[in-house]
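These protein sequence lines are chains A and B, in that order.
When the letters of the first sequence are read in order and numbered with this note's numbering, they come out as residues 12 to 295.
When the letters of the second sequence are read in order and numbered with this note's numbering, they come out as residues 12 to 295.
Just so you know, even glycine gets a beta-carbon here, dropped at the ideal spot from N, CA and C.
Number of protein chains: 2
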Amino acid sequence: MADATIIDGRALAGKVKDDLTRRVTALQRQGKNVRLDAVLVGGDQGARMYANNQAKACGAVGIEYVLHELPDTSSESDIIATVDMLNESKVVTAIMVHMPLPDGVDAYEIQARISSDKDVEGVNPANIGNIVFGKRSLVPCTALAVMEMIESTGIELQGARAVCVGASTIVGKPVAVLLMQAEATVTSTNAHTKNQELLTREADILVTAAGVPNLITAEFVKHGAVVIDVGINRVKGKDGKKRTVGDVDFEGVQGIAGFVSPVPGGVGPMTVAMMLRNTVQAAE
Amino acid sequence: MADATIIDGRALAGKVKDDLTRRVTALQRQGKNVRLDAVLVGGDQGARMYANNQAKACGAVGIEYVLHELPDTSSESDIIATVDMLNESKVVTAIMVHMPLPDGVDAYEIQARISSDKDVEGVNPANIGNIVFGKRSLVPCTALAVMEMIESTGIELQGARAVCVGASTIVGKPVAVLLMQAEATVTSTNAHTKNQELLTREADILVTAAGVPNLITAEFVKHGAVVIDVGINRVKGKDGKKRTVGDVDFEGVQGIAGFVSPVPGGVGPMTVAMMLRNTVQAAE
């Protein structure tokens with residue numbers, strides 16, 4: 012049997028970015044601003060690296076990127092004051108706040124504070140709630156990336172059986188609701204689910220966001236299924252070097268699935284592209 | 012085999028109301044206001060009857076109820092102006108807007124306008140989104156009623172298999188997310204779902220909100236399951252008189268389920284109680 016088609020996140024993201032470059036140019040011609048302001052609190056290395064990559068990604072499509080750095084001694088009200096200032100600013104069209112935040116700062120309070128029409132990460136509860144209402148404006152980027160990757164395969168969602176492995180706030184639950192919105196039959200599983208493989212094996216669409224390497228082996232997958240891997244796990248390879256893998260046993264699953272997204276090069280680059288798209292949309 | 016235990020919505024609602032009467036008295040002793048302001052646009056008979064019942068239900072637990080009647084010629088901006096006035100008022104602690112609204116008025120825009128901390132029906136997207144965040148403050152009343160009725164049976168939710176039949180914005184999807192939050196394994200089905208009975212038959216918890224009389228017969232139900240019937244359907248009985256039934260074939264299912272909620276006398280009265288509880292909570 013032929014191997015599964017690989018859903019190339021980098022290629023899909025590239026197409027999205029080409030489109031965004033055109034849209035940013037059009038906005039600028041109309042004299043409109045397209046600008047993302049990010050807030051980084053403290054010196055977390057991972058967050059800083061992410062901010063640097065984000066600056067590059069924005070630059071590549073013509074989005075202005077402004078980073079607001081706050082000391083790690085910042086209080087919740089300091090951070091809220093910065094968010095309020097960005098909410099009110101007429102030149103700022105998009106806002107995001109880098110995680111993690113210092114101990115004692117309630118990330119929920121900060122995220123809920125971001126004006127819902129500038130919230131390009133889709134972390135404000137109103138934007139999460141809008142998914143339930145079928146308004147897909149500023150949806151959490153990762154969930155949006157998953158949906159775009161599923162749709163790229165051309166599979167009919169209405170009536171399809173979908174299983175989401177993992178029920179996190181920012182990925183598992185929003186993806187489940189987006190799939191419900193598309194009229195799929197959706198099952199959400201978690202670490203307490205019994206006989207998980209009996210459920211996943213019935214899935215036409217299998218999304219895994221559990222953060223467990225090799226959780227999804229060939230035995231979990233239905234013949235011809237669309238498999239989207241949201242896991243990002245650092246594991247030590249046979250050569251002793253660390254590498255990034257998803258939740259899916261890629262080699263095994265490739266022999267049975269119809270489509271499978273790789274890690275790296277799958278959901279990751281597409282998530283960045285969705286954040287850029289939300290930014291452009293917020294400006295439009 | 013013994014018949015299923017009936018989940019008595021009126022009795023459960025009665026207990027909730029007793030508790031609320033005490034809480035309202037306590038608030039009033041502290042000089043705090045507990046007041047629900049409802050907006051009724053136009054002369055819809057059903058809405059008016061609902062408003063009358065609501066006034067009585069509020070009165071019974073000591074909540075002040077104020078009805079704002081607007082003519083059916085009201086525009087979206089007229090209604091928004093009323094909602095804004097109630098949002099800003101210091102004496103108004105709770106707001107709801109009766110459906111239906113006149114043609115051309117976008118119900119979503121009106122609901123999204125209600126201040127999230129006065130939104131006792133839980134229809135503002137921020138309150139729906141808060142479910143995903145595990146914040147259960149002002150949850151849509153019907154979804155909250157369903158959860159309370161499930162919990163009244165003492166069933167362990169973590170790891171349980173739950174199936175929600177019907178994926179509406181105001182019931183099916185929020186219930187599914189609340190069950191995910193409780194770490195159940197949750198399947199959401201809809202009219203496009205194939206072989207629905209194979210799924211429902213595996214459910215430890217079966218919630219039906221499809222609006223189809225006799226949809227759920229004994230063959231759909233697992234032995235000992237908890238069955239919650241959210242359906243409200245008007246059908247003609249053998250005597251030619253109209254009566255209200257749910258989605259469940261009550262007589263048939265009673266012989267196989269462990270617990271079953273009746274219609275009428277199940278989710279309905281409990282939904283009213285949850286609206287009152289949200290109102291008291293908003294005042295607290």
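Contact with chain B by residue i, beta-carbon distance below 8 Å
i: A/Met191; result: yes
i: A/Ile121; result: no
i: A/His234; result: no
i: A/Lys205; result: yes
8 Å Cβ cutoff met for residue i and residue j
i: A/Pro151; j: A/Gly165; result: no
i: A/Val274; j: A/Thr255; result: yes
i: A/Leu97; j: A/Ile106; result: yes
i: B/Thr282; j: B/Ala156; result: yes
i: A/Gly20; j: A/Gly276; result: yes
i: B/Val143; j: A/Thr153; result: no
i: A/Val218; j: A/Cys175; result: yes
i: B/Gly53; j: B/Pro82; result: yes
i: B/Ala236; j: B/Asp215; result: yes
i: B/Gly279; j: B/Asp14; result: no
i: A/Ala293; j: A/Val77; result: no
i: A/Gly140; j: B/Gly140; result: yes
i: A/Thr290; j: A/Leu47; result: yes
i: A/Gly73; j: A/Val35; result: yes
Test: residue i CB closer than 8 Å to a CB of chain A
i: B/Lys129; result: no
i: B/Ala293; result: no
i: B/Val188; result: yes
i: B/Pro185; result: yes
Where residue i falls: helix, strand or coil (DSSP)
i: B/Glu75; result: strand
i: A/Arg212; result: coil
i: A/Val52; result: strand
i: B/Asn64; result: helix
i: B/Thr153; result: helix
i: B/Glu80; result: strand
i: B/Ser199; result: strand
i: A/Asn141; result: helix
i: B/Met107; result: strand
i: A/Val176; result: strand
i: B/Lys252; result: coil
i: B/Val237; result: strand
i: A/Asp10; result: In the structure as shown, chain A begins at 12 and stops at 295. Residue 10 of chain A is therefore absent and cannot be evaluated.
i: B/Ile227; result: strand
i: B/Leu47; result: strand
i: B/Val259; result: strand
i: A/Leu217; result: strand
i: B/Asn244; result: strand
i: B/Val182; result: coil
Euclidean distance between Cα positions of residue i and residue j
i: A/Val241; j: B/Asp30; result: 45 Å
i: B/Lys253; j: B/Lys247; result: 4 Å
i: B/Thr198; j: B/Val238; result: 14 Å
i: A/Leu190; j: B/Lys43; result: 44 Å
i: A/Ala195; j: A/Leu168; result: 5 Å
i: A/Gly115; j: A/Glu87; result: 8 Å
i: A/Val182; j: B/Asn63; result: 43 Å
i: B/Gly70; j: A/Arg172; result: 47 Å
i: B/Ala37; j: B/Glu75; result: 15 Å
i: A/Gly257; j: B/Lys205; result: 31 Å
i: B/Thr228; j: B/Gly263; result: 6 Å
i: A/Val186; j: A/Met158; result: 7 Å
i: A/Ala284; j: A/Arg33; result: 14 Å
i: A/Gln65; j: B/Val94; result: 40 Å
i: B/Ile18; j: B/Ser163; result: 8 Å
i: A/Glu208; j: A/Val232; result: 8 Å
i: A/Glu295; j: A/Arg124; result: 21 Å
i: B/Leu51; j: A/His234; result: 54 Å
i: B/Ser100; j: B/Ala221; result: 38 Å
i: A/Ser85; j: A/Ile91; result: 10 Å
i: A/Gly269; j: A/Glu213; result: 14 Å
i: B/Asp250; j: B/Met60; result: 26 Å
Partner residues on chain B for residue i, Cβ-Cβ distance less than 7 Å
i: A/Ala137; result: Pro136, Ala137, Gly140
Cross-chain neighbours of residue i in chain A, by beta carbon under 8 Å
i: B/Thr196; result: Thr198, Ser199, Thr200, Asn201, His203, Thr204, Lys205, Leu210
i: B/Phe144; result: Tyr119, Pro136, Ile139, Thr180
i: B/Gly170; result: His203, Thr204, Lys205
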